[in-house]
Amino acid sequence: MGKYKLINNVLGWVTFAISSIVYLMTMEPTASFWDCGEFISSAYKLEVGHPPGAPFFMLTANLFTQFASDPSQVAVMVNSMSALFSGLTILFLFWSITHLARRILVNEGEEISNSQLITIMGSGLVGALAYTFSDTFWFSAVEGEVYAYSSLFTAVVFWLILKWEAVADKPHADRWMVLIAYLMGLSIGVHLLNLLCIPAIVLVYYYKKYPNPTLKGTFVALFISFAIIAVMMYGVVQGLVEVCGWFELLFVNGMGMPYNSGVFAYVVVLLGVIAWAIYETMTSNPNKVRMNIAFILSVTLIGIPFIGSGYVIGILLIAALTAYLFLSKRTSIEVMNTILVSLLVIVVGYSSYALILVRSSAETPMDQNSPKDIFTLRTYLAREQYGKTPLIYGQTYVSEVKRQNQGGSCAAVTKEGAPTWSRVIKKDKTEKDKYYVSRYESEYEYIDELNMLFPRMHSGDGRHVSAYQEWAQVKGEPVQFDRCGERVTVMKPTFAENIRFFFTYQLNFMYWRYFMWNFSGRQNDIQGNGEVDKGNWITGIKAIDSVMVGPQDDMPYDIANNKGHNVYYLLPLLLGIIGLLYQAYAGEKGIQSFWVTFFLFFMTGIAIVLYLNQTPYQPRERDYAYAGSFYAFCIWIGFGVAGIAKILEKYGKLPAVAAASVATVASLFVPIQMAAQNWDDHDRSGRYAARDFGINYLESCEPNAVIFTNGDNDTFPLWYAQEVEGIRTDIRVCNTSYLQTDWYIDQMKREAYESKPLPISWDRADYIQGTRDVAYIFPMTDQPIDLNTALSFVKSNDPKYKKIPGINQPLDYIPSQTLLYKVDTAAALKHGVIQPADSALMLSEMTIDLKEKEVLGKQELIVLDMLQTNNWERPIYYAVTVSPDQFVKLDGYFQQTGLAYQIVPMSTKGTNKAVNSEKMYDNVMNKFKWGGVNNPDVYLDENTMRMCKSFRMALFSKLAGTLIAEGKNDKALKVLDKAMEVLPAKTVPLDYSALSIGEFYFTLNQKEKAEAVYNGIADNSLRSLRWYFRLNPNQMASVMGDVEHNLAVLQEILRIGKQYDPEYGKAFQEEFDNYRMAYSSVRR
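The opening position of the sequence shown corresponds to residue 125 in the numbering used here, with each subsequent residue numbered one higher.
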């Protein structure tokens, strides 16, 4: 046994070393796109990130940042943390597999034979290394996100329950359970995914404590495990802050004490009661009455009974617990003690959320949702800003809100919910702290006839509806309903169609496709929506792949040369299936460990699919959410070694040692194949794109500017650059999505680093949540009105300004479709918004035409107020990535300076003044950095590649075109050459994005360069068309948009090329004509 432990420990640490070295070698050396910039920023300065927060991640990552030699190394430290924690995950996976394999292969009391030792260690090595090099886990291991840390918690708690199983019959074995509970509490401060391990943990407990398990007992154990998850998610996580809120109201409103005094009192009382309860279970002569009362009080104070909103359920649960404890004769003092200690350590682990309260109270520059008191913390934890998704029963995409006649108008029916407690807006500093009900939560009630059980197609968004109908082949059934006295008929999707969408999209496309990426192969890294050429799973076996995704030879370059094209020939999948069958049929111990592994696999995979209820057109691939499920499957991959060894011994007649050795060596080629295929698209070393692109946005702006952003990837990299590396902290980044909320407006009115408060004139009472969330455009006059007048009209609380004819309820509105902003020309010139040479073009007033808008959101009202209040003192910009519907019709006054549009007091649309060529030239040629994207060894994922192609058009082509129009041909040529230098064809393939590059080369008499660009585009488009027209009709239908696109690109190349050289395009004109005719026949 000593030999086994030594080898098991050594090989475990070897897997840790291999995986950690791989991850450290391939990790990104700075922030990545999406949430990473935000997480690294929040960790470095302990700032408050997006709900529900990750305070324990922040604390741990902050410890790692202490080892950074300078701010540019902070991201390296956080990413290194992910790499090392991922290596530890592999270590615990190895030990978990060897434990499970030993339990099946070796009977208790027997010595481990050499063949068994080789099989067990081989299983651990193959399973652990397969997960090491799996697509999804490797992706998370090399960036500063929470998923690597969350995976470590999953691996550790699963390994700990196996450790408990090994010593369950010994004294003090329950300490392992307490440790698991503590880690569960800590994991809440990283990600809630770890709670999904509970069913597997409960099954291990059940199988160990009940030597003769039954099917009924297994179901009871599973039911209990689901109840524990509910208790953790809705009882502890949300119930605790609910009870704490009652204390806060008592102390602040009832006793006149300062904010958060009730929180401190609650913590003292809670810890005191739990300590008392534990003491009562540990005395030599326990008093049952006192013990039960203390237990009930502990459970109540933690908030476990208050799972839902309201008090009825909580009171009933407390009554039921009381009855059980006082009437039952089966209560075990030992069990009660373990539960109480476990609850205590869960609360201690969960207490990391105190960091969120403390740091929000400090008003850090990044303070999302401002959870500075227990009530805002509750909203923060519940992720209320993201809305609710129906799961068991709810609306379909045709559902309508119930309406009823109220005073002659048809008003929506809402259900009033819990009150929202807010801090009182003080009139002077001497006023006492107090909370008041600022609003009540409300939900729309939907017409029952249009709702459905298990609603999977619930979004009414137009794009989603089209996708629902396509994925589920919806025909629907007619359903009549009453709409305010009018009988209306709609085509409601049937329940069968609803289930079809669940299987085809949510399960197949959004889970099994990701599963097969990891264990079969991946077509490319291009995100698609079911098209035959984008992001599908493949095998590497041409006969199979040709049927699924078209011919596998002469594929388009973006497939054939895509680094995300990985093939494993189904080997990991087959090895996992062998292991699954081996485990399931390996006797009683085998089937028990199979169900444990299965429920770990199910709960961290398919159960998440059921819970998320995702809509089509997700903004990014979501495979990272299912890493735990792929972890479980790698346990089966490990068992595949044992299965093959058994087959070789039984049917191949090999000696046991030889069979185990051959099985291990042969199976090791599976993770080797995965490593070889996945290395190039998981090696992020040398890639600085997210950081550099974020800096480029900032460098597009003048000093002390304000830049409006909108999405994750035009906000978080900028935050990272400012918060971590201290770059351009004079600029205020203002996200318009957040600007709809009162807490974010509050922050924008505070100073941050060198940035003064934003010029917002509204007081908090004017924009507090539920107040002026929208203003309707209701023209009471055909004449334009002054912007200041319009804003004052909306901001007024006078009832006469809220009355709209025919509507019986007060509404905020703007009484004209046209607003006039009077320009202070002297101020504009003084602050350099207009160059002196352009002063003749300056407008005396700017017209804001709102005819195409029905409402203005709060964020748009605040933008207009900022424009009015600022009076040109600070330059105001929109990032080029912001959607035009956020421009508040100001885009006619935009002047591009790089990756941002500056608002200027002159009409620029359709003129050469739409680009400030002097500033933009300096930015693009001298200031901008390009993140190493010109290096062919640097991996550019689809997101980065899409940005690079956008830069070709929105930056280089636009600037070059303006310079040519201004007669600055030398500069234009330098810009074009710069584009081909920093975004070369070898890393960013030539396609539609380079059309203008080629045209401008022609314009500048650079025929050779122009033809090189156009020939490259034509070659790529023709190769794609050749492949498209080899597809079968069903496959062809999914790429018709791409066919049309490539034909249009070729047509444009020929049109432009022949303008400058009548002979251009002869080499491919005939082929183009043939494809155009073929396309016409297909469309017919």
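Cβ atoms here follow ideal geometry from the backbone N, Cα and C, with glycine treated the same way.
Practice problem: With a 10 Å radius around its C-beta and 16 neighbouring C-beta atoms as the bar for buried, classify Lys550 as buried or exposed. | Solution: What you label residue 550 is simply residue 426 of the sequence shown in a count that begins at 1. That one is exposed.
Self-check item: Burial state of Phe625, where buried means 16 or more other Cβ atoms lie within 10 Å
Solution: By 1-based counting over the sequence shown, the position of residue 625 is 501. Burial is judged here by how many other beta carbons sit within 10 angstroms of a residue's own beta carbon; Phe625 has at least 16 and is buried.
Quiz item: So is Asn186 in contact with chain B if we call contact Cβ pairs under 7 Å?
Solution: Within the model displayed, chain B is absent; a lone protein chain is all it includes.
Exercise. Tell me whether Val786 sits in a helix, a strand or coil according to DSSP, three-state version.
Key: Within the sequence shown, numbered from 1, the residue matching residue 786 stands at position 662. When secondary structure is reduced to three states using DSSP, Val786 falls in the helix class.
Exercise. Could you check the C-alpha separation between Ile901 and Lys1110 for me, to the nearest Å?
Key: Working through the sequence shown from its first residue, we reach residue 901 at position 777. Working through the sequence shown from its first residue, we reach residue 1110 at position 986. When rounded, the distance between both Cα atoms is 51 Å.
Exercise. Tell me whether Ser237 sits in a helix, a strand or coil according to DSSP, three-state version.
Key: Looking up residue 237 in the sequence shown gives position 113. Shown here, Ser237 sits in coil according to DSSP, grouped into three states, outside any helix or strand.
Self-check item: Phe902: first and last residue of the uninterrupted alpha helix (DSSP H) it sits in
Solution: Residue mapping note: residue 902 aligns to position 778 of the sequence shown, counting from 1. No alpha helix (DSSP H) holds Phe902; DSSP gives it neither H nor E.
Self-check item: Local Cβ density within 10 Å of Gly1212, reported as buried at 16 or more and exposed below that
Solution: No answer is possible for residue 1212: it lies beyond the span of the chain, which begins at 125 and ends at 1208.
Quiz prompt | Straight-line Cα distance separating Tyr821 from Leu1100 | solution = The residue given as residue 1100 occupies position 976 in the sequence shown. The residue given as residue 821 occupies position 697 in the sequence shown. One C-alpha to the other measures close to 20 Å.
Quiz item: Nearest CA to the CA of Leu425: which residue from Arg454, Ala389, Val413?
Solution: Taking the first residue of the sequence shown as position 1, residue 425 is located at position 301. Shortest Cα-Cα distance from Leu425 to any of Arg454, Ala389, Val413 involves Ala389.
Quiz item: Using the rule of at least 16 other Cβ atoms within 10 Å of the residue's Cβ for burial, across every protein chain shown, is Met415 buried or exposed?
Solution: Locating residue 415 in the sequence shown gives position 291, counting from the first residue. So Met415 counts as buried.
Quiz item: Hey, would you say Val830 sits closer than 7 Å to Ser484, going by beta carbons?
Solution: The count along the sequence shown starts at 1 and reaches residue 830 at position 706. The count along the sequence shown starts at 1 and reaches residue 484 at position 360. Going by C-beta atoms, Val830 is not nearer than 7 Å to Ser484.
Quiz item: Using the beta-carbon count (16 or more within 10 Å), is Cys1212 buried or exposed?
Solution: Any property of residue 1212 remains undetermined from this structure, which presents the chain solely from 125 to 1208.
Quiz item: So Thr113 packs on Gly251, CB below 8 Å; how close in whole Å?
Solution: Past the edges of the chain, shown from 125 to 1208, lies residue 113, and the structure says nothing about it.
Quiz item: Of the choices Ser566, Val673, Ser968, Met308, whose alpha-carbon is the least far from that of Val537?
Solution: By one-based count along the sequence shown, residue 537 stands at place 413. Per the Cα distances, Ser566.
Self-check item: Contained alpha helix (DSSP H) runs [length at least 4] in the region 730-760, N- to C-terminal order
Solution: For the region 730-760, whole alpha helix (DSSP H) runs of length 4 or above, ordered along the chain, are 730-736.
Quiz item: Would Phe180 be called buried (16 or more neighbouring beta carbons within 10 Å of its own) or exposed?
Solution: Start at 1 with the first residue of the sequence shown, and residue 180 comes out as number 56. Under the 10 Å beta carbon count, Phe180 is surrounded by 16 or more other beta carbons and is classified as buried.
Exercise. Report, in whole angstroms, the separation of the C-beta atoms of Ser81 and Ile228, which I expect to be a contact under 8 Å.
Key: Residue 81 lies beyond the range of the chain shown here (125 to 1208); nothing can be said about it.
Quiz item: How big is the Cα-Cα spacing for Val230 and Ile236?
Solution: Position 106 of the sequence shown, counted from the first residue, corresponds to residue 230. Position 112 of the sequence shown, counted from the first residue, corresponds to residue 236. About 7 Å.
Quiz item: So is the beta-carbon of Glu1168 under 6 Å away from any non-hydrogen atom of the ligand SAM?
Solution: This structure simply doesn't include the ligand SAM, nor any ligand for that matter.
Self-check item: Phe157 (DSSP reduced to helix, strand or coil)
Solution: On the sequence shown, position 33 is the one that residue 157 refers to. Phe157 falls in the coil class under three-state DSSP.
Quiz item: Do Ala1161 and Phe1124 come within 7 Å of each other at the CB atom, strictly closer than that value?
Solution: Position 1000 of the sequence shown holds residue 1124. Position 1037 of the sequence shown holds residue 1161. Result no, Cβ atoms of Phe1124 and Ala1161 do not sit closer than 7 Å.
Quiz item: Alpha carbon to alpha carbon, how far is Arg299 from Thr189?
Solution: As a position in the sequence shown, residue 299 is number 175, starting the count at 1. As a position in the sequence shown, residue 189 is number 65, starting the count at 1. So the alpha carbons of these two residues sit roughly 33 Å apart.
Quiz item: Measuring CA to CA, which of Ile470, His689, Asn994, Tyr1017 is closest to Ser885?
Solution: Numbered from 1 along the sequence shown, position 761 holds the residue referred to as residue 885. Across the set Ile470, His689, Asn994, Tyr1017, the C-alpha of Asn994 shows the shortest separation from the C-alpha of Ser885.
Quiz item: By DSSP, does Glu875 sit in helix, in strand, or in coil?
Solution: What you label residue 875 is simply residue 751 of the sequence shown in a count that begins at 1. Glu875 falls in the coil class under three-state DSSP.
Quiz prompt | Beta-bridge partners of Phe1215, as assigned by DSSP | solution = The chain is shown from 125 up to 1208; residue 1215 falls before or after that span and cannot be answered.
Exercise. Quick one: using the 10 Å Cβ neighbour count with 16 as the cut-off for buried, is Cys534 buried or exposed?
Key: Locating residue 534 in the sequence shown gives position 410, where the first residue counts as 1. Classification of Cys534: exposed, given that the 10 Å Cβ count is below 16.
Self-check item: Assigned secondary structure, Met615 (DSSP; H/G/I helix, E/B strand, else coil)
Solution: Against the sequence shown, residue 615 aligns to sequence position 491. Strand at Met615.
Quiz item: Do you know offhand how far Thr243's Cα is from Val1062's?
Solution: Here residue 243 refers to the residue found at position 119 when the sequence shown is read from its first residue. Here residue 1062 refers to the residue found at position 938 when the sequence shown is read from its first residue. Each residue's Cα considered, the two are about 39 Å apart.
Quiz prompt | Rounded straight-line distance, which links the Cα of Ile855 to that of Lys873 | solution = Within the sequence shown, the letter at position 749 stands for residue 873. Within the sequence shown, the letter at position 731 stands for residue 855. A direct Cα-Cα distance of roughly 14 Å separates Lys873 from Ile855.
Self-check item: Whole-angstrom distance between Val522 and Gln1130, CA atom to CA atom
Solution: As a working mapping, residue 1130 is identified with position 1006 in the sequence shown. As a working mapping, residue 522 is identified with position 398 in the sequence shown. For Gln1130 and Val522, the distance between alpha carbons rounds to 57 Å.
Quiz prompt | N- and C-terminal bounds of the alpha helix (DSSP H) containing Trp545 | solution = Locating residue 545 in the sequence shown gives position 421, counting from the first residue. Counted as a single uninterrupted DSSP element, the stretch harbouring Trp545 is not any alpha helix (DSSP H) but the beta strand (DSSP E) occupying residues 538-547.
Quiz item: Got a sec? Which residues, its chain only, sit under 7 Å from Asp95 by beta carbon, not counting five neighbours each side?
Solution: Because residue 95 is not part of the residues shown, which for the chain are 125 to 1208, the question remains open.
Quiz prompt | Contact check, Tyr638 vs Tyr750, beta carbons under 7 Å | solution = In the sequence shown, residue 638 corresponds to position 514, counting from 1. In the sequence shown, residue 750 corresponds to position 626, counting from 1. If you check the CB distance, Tyr638 and Tyr750 come in under 7 Å.
Quiz prompt | Three CB pairs or more closer than 8 Å across the region 987-1004 and the region 922-932 | solution = Taking 8 Å as the limit for Cβ pairs, the verdict is that the region 922-932 does not touch the region 987-1004.
Quiz item: Can you tell me whether DSSP reads Met379 as helix, strand or coil?
Solution: Indexing the sequence shown from 1 puts residue 379 at position 255. Residue state, collapsed to three classes: coil.
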